[in-house]
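Enquirer: Just dropping this structure here.
Numbering (the working numbering), first residue to last: 2 to 487.
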């Protein structure tokens with residue numbers, strides 16, 4: 002475990018390029034400012050928000066998108082979302098929250114909008130960043146780089162036989178914005194990640210017929226369990242009790258058994274538990290399948306002129322195909338260091354630091370987490386490392402950890418496009434918090450042990466002690482469980 006050094010002589014202040022002004026980028030800028038660094042945030046669009054910007058070429062939000070997890074566990078550790086916002090906020094509320102965060106912490110002055118990064122180059126003792134603006138190219142020198150451009154870059158498009166013959170419309174979910182395009186159409190949605198689930202449910206209301214194709218069944222869980230946000234069931238106590246999976250299965254059998262029966266009745270029960278495949282949260286999906294409003298199908302075998310044939314031999318007449326098949330990481334300005342297959346070659350120590358590149362970090366390049374607080378923890382660690390307050394291990398030790406984590410990913414998760422970016426959410430957050438001495442300390446916080454161990458895994462726990470404590474942390478941790486149980 003790396004603990005913060007106490008000597009002020011060990012700290013240094015750096016000029017840092019932060020690439021991207023989505024959630025990860027603005028959190029990184031804020032953390033850098035807190036530690037006395039000088040960040041410059043390069044954002045290719047004209048506003049903050051990244052994927053949460055609706056109808057923006059860089060945005061990935063569509064009209065019905067909400068947070069998968071509740072606002073209590075999904076936001077930054079020292080800036081709760083407003084009490085007036087929904088418990089599972091709509092994308093408009095999320096974007097407003099990000100803008101409020103930027104203004105509250107006075108980050109906007111550090112952002113250069115409409116500025117795309119073309120190239121990053123390592124020199125002897127600094128980094129050179131070439132950017133493109135309307136007037137042409139400019140080059141800047143920095144001590145450190147934080148890449149915060151995210152994992153939702155290039156659409157991942159499958160290639161099925163006969164696609165070229167198909168006379169209907171084929172689109173990726175990144176280009177889908179409004180359900181009105183489905184009116185009177187037979188719509189096929191391919192993929193059962195969060196976007197696929199949401200679009201399939203929406204299409205079941207707005208189209209003539211909604212067909213949903215995917216390779217493997219996945220757990221479709223409600224956002225609420227007995228009127229409490231589902232993410233409140235996962236606590237720190239769950240993590241530390243012996244045989245926790247077996248015990249939790251018994252403790253929550255009353256809550257989960259009806260959900261299991263629903264999956265079985267609908268013919269969509271997965272062969273593995275949610276810890277292997279990752280659940281998707283949507284209240285309506287199982288009900289729409291049960292009512293026949295969504296027709297589930299196996300993977301596509303091939304296309305014909307006006308229909309799609311599936312691997313079980315069945316076929317459906319289709320007007321619109323929506324590929325909700327995810328994304329692949331693409332960082333064109335890093336090709337010199339990552340090669341062509343960025344996702345495969347993104348070998349990062351604890352998903353942040355490339356052993357080969359000094360003073361360089363990737364923030365937010367994980368999948369399956371509550372990304373705002375995860376990115377924030379990564380940013381806090383990154384800032385302390387470039388300050389010299391926290392040391393990284395040797396290159397050999399970092400590479401050994403990378404290989405061990407790769408093995409854990411292969412054994413712990415089903416094969417998927419995002420498996421190389423997967424982490425076990427709360428174990429990972431605890432691990433990063435240890436690096437900056439921000440894990441909750443029992444002896445310092447004994448008055449809120451119940452909230453720490455039996456409450457939801459809110460990122461505010463990582464502001465109880467360690468660097469940049471938040472004075473409101475204790476009261477907020479005590480308040481939230483009372484709010485949701487009213």
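Where a beta carbon is used, it is the ideal one built from N, C-alpha and C, also for glycine. Computed from a predicted model, the values in this text were never measured in an experiment.
Please confirm whether residue 297 and residue 213 have their CB atoms less than 8 Å apart.
Expert: One-based indexing of the chain shown puts residue 297 at position 296. One-based indexing of the chain shown puts residue 213 at position 212. Closer than 8 Å, so yes.
Enquirer: CA-CA distance, residue 335 and residue 36?
Expert: For the purposes of this step, residue 335 is identified with residue 334 of the chain shown, where counting begins at 1. For the purposes of this step, residue 36 is identified with residue 35 of the chain shown, where counting begins at 1. Straight-line Cα distance between these residues: approximately 27 Å.
Enquirer: What whole-angstrom Cβ distance do residue 378 and residue 458 have, given they're in contact under 8 Å?
Expert: Here residue 378 refers to the residue found at position 377 when the chain shown is read from its first residue. Here residue 458 refers to the residue found at position 457 when the chain shown is read from its first residue. Contact flag wrong, Cβ pair sits at about 12 Å.
Enquirer: Since residue 383 and residue 362 should fall inside the 8 Å C-beta cutoff, what is the C-beta to C-beta distance between them, to a whole number of angstroms?
Expert: Along the chain shown, one-based indexing puts residue 383 at 382. Along the chain shown, one-based indexing puts residue 362 at 361. The pair is a contact, with the Cβ atoms about 4 Å apart (cut-off 8 Å).
Enquirer: Nearest to residue 104 by alpha carbon, out of 94, 125, 31 and 147?
Expert: Start at 1 with the first residue of the chain shown, and residue 104 comes out as number 103. Of the listed residues, the one whose Cα sits closest to residue 104 is 31.
Enquirer: Which residue or residues does DSSP assign as beta-bridge partners of residue 317?
Expert: Taking the chain shown and counting its residues from 1, one reaches residue 317 at position 316. According to DSSP, residue 317 bridges with 309.
Enquirer: Out of curiosity, what's the CA-to-CA distance linking residue 65 and residue 199?
Expert: The residue labelled residue 65 in the question sits at position 64 within the chain shown. The residue labelled residue 199 in the question sits at position 198 within the chain shown. So the alpha carbons of these two residues sit roughly 8 Å apart.
Enquirer: How many angstroms separate the CA atom of residue 249 from the CA atom of residue 38?
Expert: In the chain shown, the residue the question calls residue 249 occupies position 248. In the chain shown, the residue the question calls residue 38 occupies position 37. Here residue 249 scores only 48 on pLDDT, less than 50, and its place in the model is too uncertain to base an answer on.
Enquirer: Using the Cβ count rule (16 or more neighbours within 10 Å means buried), how would you classify residue 352?
Expert: The residue you call residue 352 lines up with position 351 of the chain shown. Classification of residue 352: buried, given that the 10 Å Cβ count is 16 or more.
Enquirer: Looking at the structure shown, is residue 189 part of a helix, part of a strand, or coil, going by DSSP?
Expert: The count along the chain shown starts at 1 and reaches residue 189 at position 188. Strand, per DSSP.
Enquirer: Mapping DSSP to helix, strand and coil, what is residue 122?
Expert: Locating residue 122 in the chain shown gives position 121, counting from the first residue. Note: residue 122 maps to strand in three-state DSSP.
Enquirer: Taking the C-alpha atoms as reference points, what is the distance between residue 406 and residue 433?
Expert: One-based indexing of the chain shown puts residue 406 at position 405. One-based indexing of the chain shown puts residue 433 at position 432. One C-alpha to the other measures close to 14 Å.
Enquirer: Which same chain residues, not among the five before or five after residue 475, have their C-beta less than 8 Å away from its C-beta?
Expert: In the chain shown, counting from the first residue as 1, residue 475 sits at position 474. Taken in chain order, the residues that qualify are 446, 448, 449 and 465.
Enquirer: When we look at the beta-carbon of residue 219 and count the other beta-carbons within 10 Å, is it buried (16 or more) or exposed?
Expert: Looking up residue 219 in the chain shown gives position 218. With 16 or more other Cβ atoms inside 10 Å of its own Cβ, residue 219 counts as buried.
Enquirer: Between which residues of its own chain and residue 12 is the CB-CB distance below 7 Å, once the five residues before and five after are set aside?
Expert: Taking the chain shown and counting its residues from 1, the one referred to as residue 12 is at position 11. Correct list, in chain order: 388, 389 and 390.
Enquirer: In angstroms, rounded to a whole number, what distance separates the CA positions of residue 146 and residue 235?
Expert: Locating residue 146 in the chain shown gives position 145, where the first residue counts as 1. Locating residue 235 in the chain shown gives position 234, where the first residue counts as 1. Straight-line Cα distance between these residues: approximately 35 Å.
Enquirer: Considering only the alpha carbon of each residue, which of 27, 33 and 401 lies closest to residue 355?
Expert: Here residue 355 corresponds to residue number 354 of the chain shown, with the count starting at 1. Considering only alpha carbons, the answer is 401.
Enquirer: Going by DSSP, name the residue or residues bridged to residue 183.
Expert: For the purposes of this step, residue 183 is taken as residue 182 along the chain shown, with counting starting at 1. Beta-bridge pairing links residue 183 to no other residue.
Enquirer: Kindly indicate which residue of 28, 15 and 24 has the alpha-carbon position closest to the one of residue 381.
Expert: Here residue 381 corresponds to residue number 380 of the chain shown, with the count starting at 1. Closest in alpha carbon position to residue 381, among 28, 15 and 24, is 28.
Enquirer: Among the candidates 309, 201 and 332, whose CA atom is the shortest distance from the CA of residue 284?
Expert: Within the chain shown, the letter at position 283 stands for residue 284. Among 309, 201 and 332, the Cα nearest to that of residue 284 belongs to 201.
Enquirer: Note down the Cα distance separating residue 375 from residue 142, rounded to an integer number of angstroms.
Expert: As a first step, residue 375 is located in the chain shown; it is residue number 374 there, counting from the start. As a first step, residue 142 is located in the chain shown; it is residue number 141 there, counting from the start. Each residue's Cα considered, the two are about 28 Å apart.
Enquirer: So is residue 444 in contact with chain B if we call contact Cβ pairs under 8 Å?
Expert: In summary, chain B is missing from the structure at hand, where a single protein chain is found.
Enquirer: Find the nearest neighbour of residue 75 within the set 90, 84 and 85, judged by alpha-carbon distance.
Expert: Here residue 75 is taken as the residue at index 74 of the chain shown, counted from 1. Selected option, being the one with the closest Cα: 90.
Enquirer: Based on the DSSP secondary-structure assignment, which residues constitute the bridge partners of residue 171?
Expert: Walking along the chain shown from the start, residue 171 turns up at place 170. Residue 171 is bridged to 322.
Enquirer: Taking residue 328 as the reference, which of 20, 52, 88 and 107 has the closest Cα?
Expert: Residue 328 sits at position 327 when you count from the first residue of the chain shown. Answer by Cα proximity: 52.
Enquirer: Are the Cβ atoms of residue 144 and residue 15 separated by less than 8 Å?
Expert: Translated into the one-based positions of the chain shown, residue 144 becomes position 143. Translated into the one-based positions of the chain shown, residue 15 becomes position 14. Yes.
Enquirer: Return the chain-ordered list of same chain residues with a C-beta closer than 7 Å to the C-beta of residue 477, the five sequence neighbours on each side being excluded.
Expert: In the chain shown, counting from the first residue as 1, residue 477 sits at position 476. 81 and 461.
Enquirer: Between residue 292 and residue 263, is the Cβ-Cβ spacing less than 8 Å?
Expert: Within the chain shown, residue 292 is the residue found at index 291, counting from 1. Within the chain shown, residue 263 is the residue found at index 262, counting from 1. Result no, Cβ atoms of residue 292 and residue 263 do not sit closer than 8 Å.
Enquirer: Less than 7 Å between C-beta atoms, sequence neighbours within five positions excluded: which residues of the same chain meet that for residue 129?
Expert: Here residue 129 refers to the residue found at position 128 of the chain shown. Counting only Cβ-Cβ distances below 7 Å, and skipping sequence neighbours, we find 122, 140 and 142.
Enquirer: Can you give the Cα-Cα distance for residue 305 and residue 182, rounded to whole angstroms?
Expert: Indexing the chain shown from 1 puts residue 305 at position 304. Indexing the chain shown from 1 puts residue 182 at position 181. The straight-line gap from Cα to Cα measures roughly 22 Å.
Enquirer: How many Å lie between residue 71 and residue 232 at the Cα?
Expert: Within the chain shown, the letter at position 70 stands for residue 71. Within the chain shown, the letter at position 231 stands for residue 232. When rounded, the distance between both Cα atoms is 7 Å.
Enquirer: Can you tell me whether DSSP reads residue 51 as helix, strand or coil?
Expert: Taking the first residue of the chain shown as 1, we reach residue 51 at position 50. In the structure shown, residue 51 sits in a helix (DSSP, three-state: H, G or I).
Enquirer: Look up residue 472 in the DSSP assignment and say whether it is helix, strand or coil.
Expert: Here residue 472 corresponds to residue number 471 of the chain shown, with the count starting at 1. Note: residue 472 maps to coil in three-state DSSP.
Enquirer: Relative to the C-alpha of residue 116, which residue among 102, 135 and 107 is closest?
Expert: Here residue 116 is taken as the residue at index 115 of the chain shown, counted from 1. Among 102, 135 and 107, the Cα nearest to that of residue 116 is on 135.
Enquirer: Could you give the distance in angstroms between the alpha-carbon of residue 203 and the alpha-carbon of residue 307?
Expert: Taking the first residue of the chain shown as position 1, residue 203 is located at position 202. Taking the first residue of the chain shown as position 1, residue 307 is located at position 306. Residue 203 and residue 307: Cα-Cα distance of roughly 23 Å.
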